[in-house]
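S.K.: Residue numbers (the numbering used here): 1 to 209. Note that beta-carbon positions come from the ideal geometry of N, C-alpha and C, so glycine has one too. Take a look at this one; I'll ask things after.
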Amino acid sequence: MDPEEQERDSTIRQLLAQIRQQSDVENLDTLIEEVSENDPEITSESKTALRRHANNFLNSEIGEIVFNTNRAYTNQQIHANINGHIIEGRLDRLFKDKMGQYQLIIYDTTEANSSDLYRPEMELYALLVHRRYPGQPRVTINLFFSEQGQGEQIHFSTAQLRKAHEHWEKRISKLQSGIYEKNLEHCCSCPYADRNGQCIIIEARGEEK
1 MDPEEQERDS
11 TIRQLLAQIR
21 QQSDVENLDT
31 LIEEVSENDP
41 EITSESKTAL
51 RRHANNFLNS
61 EIGEIVFNTN
71 RAYTNQQIHA
81 NINGHIIEGR
91 LDRLFKDKMG
101 QYQLIIYDTT
111 EANSSDLYRP
121 EMELYALLVH
131 RRYPGQPRVT
141 INLFFSEQGQ
151 GEQIHFSTAQ
161 LRKAHEHWEK
171 RISKLQSGIY
181 EKNLEHCCSC
191 PYADRNGQCI
201 IIEARGEEK
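Right under this line is the structure:
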């Protein structure tokens, strides 16, 4: 993402985090003004886009589930020790469902509509949630595409999480040893890629030589 896209993504996430119940639809204009106050140049078109993302979540199936739970958290910091390293992340929304199991929501604010690029991220977040709540038989992640108002649900069983832990242990060990292979399919969504999907880290290293 370029800086403008990152700012847009951040503003949308801030707005979605402020929505705690269905009745917040009545205060949507106020919430939009609050998250936009640090951007004096925001356009009416941008505010309309914010309203669309918010309404898509308010009217979604996963939104309805969240609004009917008694325990939900937004922007939760989470971490776990994997292979001697503290791995941490920030959860868009964590909630306890009617079965007493914690589920996670990850927002995609872009025009994408596929979970493929998010698979490594979802696997890692599922592992972090499992570490926090080890008694759960599985971890459910809801990937919500706020631009389209659609969602996809992915379940991770205990066996899958065990394999994920082994996978991430190996991955961390390789990174420690400087052994890694760039996955070109992920470049388009990597924060260290330019608009053309080219790795700016490699370019920077080339300039240093």
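What residue from 113, 81, 27, 71 has the CA that sits closest to residue 104's CA?
M.R.: Ranking the options by Cα distance to residue 104, first place goes to 71.
S.K.: Given a threshold of 16 other Cβ atoms within 10 Å of its Cβ, counted over all protein chains shown, does residue 146 qualify as buried or as exposed?
M.R.: Result: buried.
S.K.: I need the boundaries of the alpha helix (DSSP H) containing residue 143, first residue and last residue.
M.R.: Element bounds for residue 143: not the alpha helix (DSSP H) but the beta strand (DSSP E), 138-145.
S.K.: Taking just the CA atoms, how far does residue 42 sit from residue 135?
M.R.: Roughly 46 Å separates the two Cα atoms.
S.K.: For residue 4, count neighbouring C-beta atoms within 10 Å of its own C-beta (all shown protein chains included) and say buried if the count is 16 or more, exposed if not.
M.R.: So residue 4 ends up on the exposed side.
S.K.: Distance, Cα to Cα, residue 47 vs residue 7?
M.R.: For residue 47 and residue 7, the distance between alpha carbons rounds to 13 Å.
S.K.: Helix, strand or coil for residue 13 per DSSP?
M.R.: In this structure, residue 13 counts as helix in the three-state DSSP scheme.
S.K.: Measure the C-alpha to C-alpha separation of residue 218 and residue 176 and round it to an integer number of angstroms.
M.R.: Since the first residue shown for the chain is 1 and the last is 209, residue 218 is missing from the structure and cannot be characterised.
S.K.: Please report the distance separating the alpha-carbon of residue 90 from that of residue 11.
M.R.: Near 16 Å, if we compare the C-alpha coordinates of residue 11 and residue 90.
S.K.: Could you check how far apart the C-beta atoms of residue 125 and residue 106 are, in whole angstroms? I think they sit under 8 Å.
M.R.: Correct: roughly 7 Å between the Cβ atoms.
S.K.: Return the CA-CA distance between residue 163 and residue 9, expressed in angstroms with no decimal places.
M.R.: Cα to Cα, the separation comes out at about 32 Å.
S.K.: Output yes or no for whether 8 Å exceeds the beta carbon distance between residue 161 and residue 127.
M.R.: It is a contact, given that the beta carbons lie within the stated cut-off.
S.K.: Under the rule that 16 or more other beta-carbon atoms within 10 Å means buried, what is residue 123, buried or exposed?
M.R.: So residue 123 ends up on the buried side.
S.K.: Could you tell me which of 86, 78, 62 sits nearest to residue 154, measuring between CA atoms?
M.R.: Of the candidates 86, 78, 62, the one whose C-alpha sits nearest the C-alpha of residue 154 is 62.
S.K.: Just to confirm, are residue 25 and residue 50 a CB contact at a threshold of 8 Å?
M.R.: No, these two residues do not count as a Cβ contact at 8 Å.
S.K.: Using C-beta distances below 7 Å, list every residue in its chain close to residue 203, excluding the 5 sequence neighbours before and after it, in chain order.
M.R.: Since pLDDT at residue 203 reaches only 47, below the 50 mark, its modelled position is unreliable, and the value read off the structure follows with that caveat. Closer than 7 Å at the Cβ level, and outside the excluded window around residue 203, lies no residue.
S.K.: Assuming the contact rule is C-beta atoms closer than 8 Å, residue 92 and residue 74 should be a hit. Round their C-beta distance to whole Å, please.
M.R.: Going by Cβ atoms, the distance from residue 92 to residue 74 rounds to 7 Å, so yes, they are a contact pair.
S.K.: What did DSSP end up calling residue 81 once you bin it into helix, strand or coil?
M.R.: Three-state result, residue 81: strand.
S.K.: Count the other CB atoms within 10 Å of the CB of residue 142; is the residue buried (16 or more) or exposed (fewer)?
M.R.: Looking at its Cβ environment, which holds 16 or more other Cβ atoms inside 10 Å, residue 142 is buried.
S.K.: What are the start and end residues of the alpha helix (DSSP H) that includes residue 63?
M.R.: It spans 61-67 - the alpha helix (DSSP H) in which residue 63 sits, taken as one unbroken run.
S.K.: For residue 20, which option in 95, 131, 150, 117 has the closest C-alpha, if you only look at C-alpha atoms?
M.R.: Of the listed residues, the one whose Cα sits closest to residue 20 is 95.
S.K.: I need the straight-line Cα distance from residue 98 to residue 29, nearest angstrom please.
M.R.: The straight-line gap from Cα to Cα measures roughly 31 Å.
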